[in-house]
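First comes the structure, then the notes that go with it.
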Amino acid sequence: MIFLVLGITALFAVVLWPLAGAISWAVFIAVVFSPLQEHSARVTRGRRGWAALGTLAIIVVSVLLPMALLAGSVAHEAAAFYARFKSGDIQLADYFQRMVAVLPEWARGALVRSGIEDIGALQHKLAQALGRSSDALTARAFLIGQGTLDEVLQFFVMLYLLYF
């Protein structure tokens, strides 16, 4: 009998393992917002479903939506920076030369010893590395899309679990 319970528990853990992140976040957010949930239950006169819906709406609007907007803004700025860098609008050599000019003499000596005095070559290497990374991202676009879909599904599983 005990082996049957252990076997079923192990199979249950195997099924839930891909959702471990969503479950963990749901538990964490539920613990953090449990005082708000209890207050909402008192306000709705014991209607726990409406209290859970109200608490979930507050969590989405006050925490999750700003985080998503911030992440989208950071991604947009990174893409814009990469586009400006690739088109040549951003000249790292100029910025680097200005930065080196204000450094103390010992720091400039350290740059020369480390072989970074030729910023043109460094910028060329950086542009090549960014080009290779964009080629790699293009080649893995399907996997990136699949990962994004997985994250979106986990997000909705987390919201579902958080409601209950």
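When we follow the numbering used here, the leftmost residue of the sequence shown carries the number 8, and every step to the right adds one. The beta carbon of each residue, even a glycine, is placed where N, CA and C say it ideally should be.
| task | May I ask which residues mark the beginning and end of the alpha helix (DSSP H) holding I9? | result | Here residue 9 refers to the residue found at position 2 of the sequence shown. Element bounds for I9: I9 to L23.
| request: Can you say whether T145 is buried or exposed, counting buried as having 16 or more other CB atoms within 10 angstroms of its CB? | output: For this step, residue 145 is matched to residue 138 along the sequence shown. By the 10 Å Cβ count, T145 comes out exposed.
| request: May I have the straight-line CA-CA distance separating F35 from L13, to the nearest angstrom? | output: For the purposes of this step, residue 35 is identified with residue 28 of the sequence shown, where counting begins at 1. For the purposes of this step, residue 13 is identified with residue 6 of the sequence shown, where counting begins at 1. For F35 and L13, the distance between alpha carbons rounds to 27 Å.
| Is the distance from the Cβ of F163 to the Cβ of A59 below 9 Å? | In the sequence shown, residue 163 corresponds to position 156, counting from 1. In the sequence shown, residue 59 corresponds to position 52, counting from 1. No, these two residues do not count as a Cβ contact at 9 Å.
| Residue of R54, H83 and V38 minimising C-alpha distance to I66 | One-based indexing of the sequence shown puts residue 66 at position 59. Of the candidates R54, H83 and V38, the one whose C-alpha sits nearest the C-alpha of I66 is V38.
| query | Is the distance from the Cβ of L160 to the Cβ of L63 below 9 Å? | reply | Residue numbering aside, residue 160 sits at position 153 when the sequence shown is read from its first letter. Residue numbering aside, residue 63 sits at position 56 when the sequence shown is read from its first letter. No, these two residues do not count as a Cβ contact at 9 Å.
| request: Would you kindly check if the distance between the Cβ of L23 and the Cβ of I30 is under 9 Å? | output: Position 23 of the sequence shown, counted from the start, is the residue given in the question as residue 30. Position 16 of the sequence shown, counted from the start, is the residue given in the question as residue 23. For I30 and L23, yes; Cβs fall inside 9 Å.
| How is the alpha helix (DSSP H) around Q98 delimited, first residue to last? | Here the question's residue 98 lines up with position 91 in the sequence shown. From DSSP, Q98 is part of no alpha helix (DSSP H); its letter is neither H nor E.
| task | Ignore the nearest five residues each way along the sequence and tell me which others in F92's own chain have a CB closer than 6 Å to its CB. | result | Translated into positions along the sequence shown, residue 92 becomes position 85. Excluding residues within five positions, none has a Cβ falling inside 6 Å.
| said: DSSP three-state label for F149, please. | reply: As a first step, residue 149 is located in the sequence shown; it is residue number 142 there, counting from the start. Helix.
| query | Of all the options L71, D96 and A20, which has the alpha carbon lying nearest to the alpha carbon of L169? | reply | Position 162 of the sequence shown, counted from the first residue, corresponds to residue 169. Measuring from the Cα of L169, the nearest candidate turns out to be L71.
| query | Roughly how far, in whole angstroms, is the beta-carbon of S47 from the beta-carbon of G61, given that I think they are within contact range, below 8 Å? | reply | Taking the first residue of the sequence shown as 1, we reach residue 47 at position 40. Taking the first residue of the sequence shown as 1, we reach residue 61 at position 54. Correct: roughly 5 Å between the Cβ atoms.
| query | Which of helix, strand or coil does DSSP assign to R91? | reply | On the sequence shown, position 84 is the one that residue 91 refers to. R91: helix per DSSP, three-state reduction.
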